[in-house]
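Take a look at the structure below.
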Amino acid sequence: MTRPRVLIADDHKIVIEGLKRLLESDFDIAGTVANGRELVTAVERLRPDVIVVDISMPMLNGIEAVGQVKKAHGQIKVVFLTMHPDVSYAIGAFKAGASGYVLKHSASDELVTAIREALKGRTYVTPLIAGELMQSYKEGTHLEAETFSALTARQREVLQLLAEGHTVKEIAAILNISMKTVEYHKYRMMQDFGIETAVDLVRYAVKHGIAF
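Quick note: to get the working numbering, add 928 to the position in the sequence shown (first position is 1).
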C-alpha cells in the first residue's frame, strides 16, 4: 500500500531533522525545503500529498507560498506547524488553503493527527487556539486580520524581500522583474498606505505579518 508523501518546509535544519524522525514511520518524506520560494518549485518536482510548512520562512513566507501552491495544485493538503499562536496568522493560513494549524510546542502526536485529518478532507486546529479562532469568526474580528489583503501577491513578495534587507537590484533578480517594476511596487505601496519612508514600509510588513 502506497504511503502518503509529505514535503517538509522549514528554515531550521534541526526542526527538519526532528520532523523527519517523527513522521517517517507513518509517511514517506518526499523532500525538505528551507524557504518559501523553494517550496513553490519543489511541489512541481516532488508532487507531495501533504505539505508541512512553517509560516516564518525567508524569501517568501509560508502563507504566501501556500497560496501560490494551492492555486496550481488545489488537491495538495497543507498543515502549518508554527510558533505563532496569534489567531490572525491562523486566519491567514486557512485563507491560503490550509487544512491544519498546529503549534510547535504542541505534543508531537498532534501533528500526525493533523496530517491524517487533512488527508481525510477534514480541518484540524490545535486546541490551544481553536476557541479563540472560532470566537474571532463569530465576532467578525477576523476581518481586521486581513488588512494587508489589499496588496497584490507581487507587492507582498516585494515587501517581504525589502523587509529582509534585500536591495532593489537583488529583488529584481529574485523575482525576475525589472528594477523599475520593483521601485513601482515599492512607491505604490507607500502611496496607498500613506507611508513616507522605506523604513516605515518595512515596519508595516512586520506589523501585518507579511515579513517575520
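Positions of the beta carbon are idealized from the N, C-alpha and C atoms, including for glycine.
By the DSSP assignment, the beta strand (DSSP E) with residue i in it spans what residues?
i: residue 1126; result: It is not in any beta strand (DSSP E) - residue 1126 instead sits in the alpha helix (DSSP H) that spans 1126-1135.
i: residue 1049; result: From DSSP, residue 1049 is part of no beta strand (DSSP E); its letter is neither H nor E.
i: residue 1158; result: Residue 1158 is absent from the model: the chain starts at 929 and stops at 1140.
i: residue 1035; result: Careful: residue 1035 lies outside any beta strand (DSSP E) and carries neither H nor E.
i: residue 979; result: 978-981
With a threshold of 8 Å on Cβ separation, who are the neighbours of residue i within its own chain once the five nearest residues in sequence on each side are excluded?
i: residue 1085; result: 988, 992 and 1103
i: residue 1109; result: 1100
i: residue 1040; result: 950, 951 and 954
i: residue 1124; result: 1118
i: residue 965; result: 987, 988, 993 and 1102
i: residue 974; result: 933, 935, 958 and 959
i: residue 1034; result: 1054 and 1056
Helix, strand or coil for residue i? Go by DSSP, reduced to three states.
i: residue 1076; result: Residue placement at residue 1076 cannot be trusted, given a pLDDT of 49 that sits under 50; what the coordinates show is reported in the next sentence. In the structure shown, residue 1076 sits in a helix (DSSP, three-state: H, G or I).
i: residue 1008; result: strand
i: residue 1028; result: strand
i: residue 936; result: strand
i: residue 1070; result: Annotation note: pLDDT 48 at residue 1070 (below 50); position unreliable, no value reported.
i: residue 1120; result: helix
i: residue 991; result: helix
i: residue 1102; result: helix
Near residue i, what residues of its chain come up, given a Cβ to Cβ distance below 6 Å and the 5 sequence neighbours on each side ignored?
i: residue 1012; result: 983
i: residue 961; result: 937, 967 and 970
i: residue 1128; result: none
i: residue 1038; result: 1030
i: residue 1072; result: Because the pLDDT of residue 1072 is 48, which lies under 50, any placement of that residue in the model is unreliable, and the number read from its coordinates should be weighed accordingly. Nothing meets the Cβ criterion.
i: residue 948; result: 957
Whose C-alpha, out of the options, is nearest the C-alpha of residue i?
i: residue 1120; options: 1107, 1134, 1079 and 1090; result: 1079
i: residue 1000; options: 1024, 1122, 1133 and 985; result: 1024
i: residue 957; options: 944, 998, 964 and 963; result: 944
i: residue 946; options: 1036, 1018 and 931; result: 1036
i: residue 1135; options: 1083, 1017, 939 and 1060; result: 1017
i: residue 932; options: 1046, 1009, 1002 and 973; result: 1046
i: residue 1052; options: 1042, 1061, 1059 and 1060; result: 1042
i: residue 986; options: 973, 1117 and 963; result: 963
i: residue 1131; options: 1097, 1088 and 1116; result: 1088
i: residue 1019; options: 1032, 995 and 1034; result: 995
i: residue 897; options: 1004, 1050 and 1112; result: As shown, the chain starts at 929 and ends at 1140. That puts residue 897 outside it, with no answer to give.
How would you write the range of the alpha helix (DSSP H) that residue i sits in, first residue to last?
i: residue 946; result: 941-951
i: residue 1085; result: 1081-1091
Leaving out five residues before and five after residue i in sequence, what residues of the same chain have Cβ atoms less than 7 Å from its Cβ?
i: residue 1058; result: none
i: residue 1106; result: 1100
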